[in-house]
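**Student:**
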Amino acid sequence: LPDVRALAKLCGSRSFHFVHLLAHGARVDGEWGLRLANEVAKGEQIARALVAGGTTPALVTVSACDSGSEPNHSFGSVVYYLHVHGIPLVLASQFRLRKAHSTSSVAHVYEELLGGGDPLGILVALRRQLAPAGALRQPEG
61 LPDVRALAKL CGSRSFHFVH LLAHGARVDG EWGLRLANEV AKGEQIARAL
111 VAGGTTPALV TVSACDSGSE PNHSFGSVVY YLHVHGIPLV LASQFRLRKA
161 HSTSSVAHVY EELLGGGDPL GILVALRRQL APAGALRQPE G
C-alpha cells in the first residue's frame with residue numbers, strides 16, 4: 061500500500077480478521093514506524109487505519125526489518141499502539157529474522173492458529189526451532 065490513508069480506506073471498506081504487515085521499520089519523530097511505499101507511518105497511524113472500518117482484526121502479525129536492532133528495543137511503539145487500539149493479539153519478532161525464516165515462521169504460526177493451537181505454545185515451539193538453526197539474528201552493538 062502506498063500510504064496510511066490507503067490502508068485506512070481499504071480497512072474501512074471491508075473487515076479483516078487477520079492482518080500481516082510486512083515492511084521495513086523506520087524512525088519517524090523519535091519513534092519507530094513502518095515504511096509504506098510512499099511514507100513512514102507511526103504506530104498510532106497504522107493502528108487507527110486498521111480499525112477504520114469499525115471492526116478490529118483478531119490478529120495482526122508484524123514482520124519488520126530494521127527495527128529489532130535498536131539497543132532500547134523501541135519497536136514496541138508500533139505494537140503498543142496496535143494493542144491500545146483494541147487489537148487483542150499482536151505477534152512481532154523481538155529479533156531480526158532472516159527472510160526465509162520469517163516467511164516460514166509466519167506460515168507456521170497461521171497454520172497452527174487456524175488449527176486451534178494455543179498462541180503462547182506456538183511461539184515457544186517456534187522460538188525453540190529457530191534459535192538452534194541460527195535464524196535469530198541478534199542486534200549488533
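Quick note: the sequence shown uses the working numbering, first residue 61, plus one each step. We put the CB at the ideal spot given by N, CA and C, even for glycine.
Tell me which residue opens and which closes the alpha helix (DSSP H) that S75 is part of.
**Tutor:** Careful: S75 lies outside any alpha helix (DSSP H) and carries neither H nor E.
**Student:** Are the CB atoms of A68 and R108 within a distance shorter than 8 angstroms?
**Tutor:** Their beta carbons are under 8 angstroms apart, which means R108 touches A68 by this criterion.
**Student:** In terms of residues, what are the limits of the alpha helix (DSSP H) holding R188?
**Tutor:** Note, R188: alpha helix (DSSP H), P179 to L190.
**Student:** List the whole-angstrom C-beta distance separating V111 from V122, where the pair is believed to meet the contact cut-off of C-beta under 8 angstroms.
**Tutor:** About 15 angstroms separates the two Cβ atoms, so there is no contact after all.
**Student:** Mind checking whether the beta-carbon of H84 lies closer than 7 angstroms to any heavy atom of the ligand MG?
**Tutor:** By its list of ligands, the structure shown contains no ligand whatsoever, and the ligand MG lies outside what it can speak to.
**Student:** R55 bridges to which residues according to DSSP?
**Tutor:** Nothing about residue 55 can be read from this structure; the chain reaches only from 61 to 201.
**Student:** Can you tell me whether T121 is helix, strand or coil according to DSSP?
**Tutor:** Note: T121 maps to strand in three-state DSSP.
**Student:** Tell me the rounded alpha-carbon separation between G103 and P192.
**Tutor:** If you take the alpha carbons of G103 and P192, they lie about 32 angstroms apart.
**Student:** Please state if the CB of S165 and the CB of L173 are separated by a distance shorter than 8 angstroms.
**Tutor:** Their beta carbons are not under 8 angstroms apart, which means L173 does not touch S165 by this criterion.
**Student:** In chain order, what residues of the same chain lie with their CB nearer than 7 angstroms to the CB of I182, ignoring the 5 residues before and after it?
**Tutor:** The residues are V169, E172 and L173.
**Student:** Helix, strand or coil: which one does DSSP assign to A66?
**Tutor:** Note: A66 maps to helix in three-state DSSP.
**Student:** For the beta strand (DSSP E) holding V150, just list the boundary residues, first then last.
**Tutor:** That run of the beta strand (DSSP E) goes L149 to A152.
**Student:** Any idea what DSSP makes of Y157, helix, strand or coil?
**Tutor:** Note on residue identity: the sequence assigns Leu, not Tyr, to residue 157. Here L157 sits in strand by DSSP.
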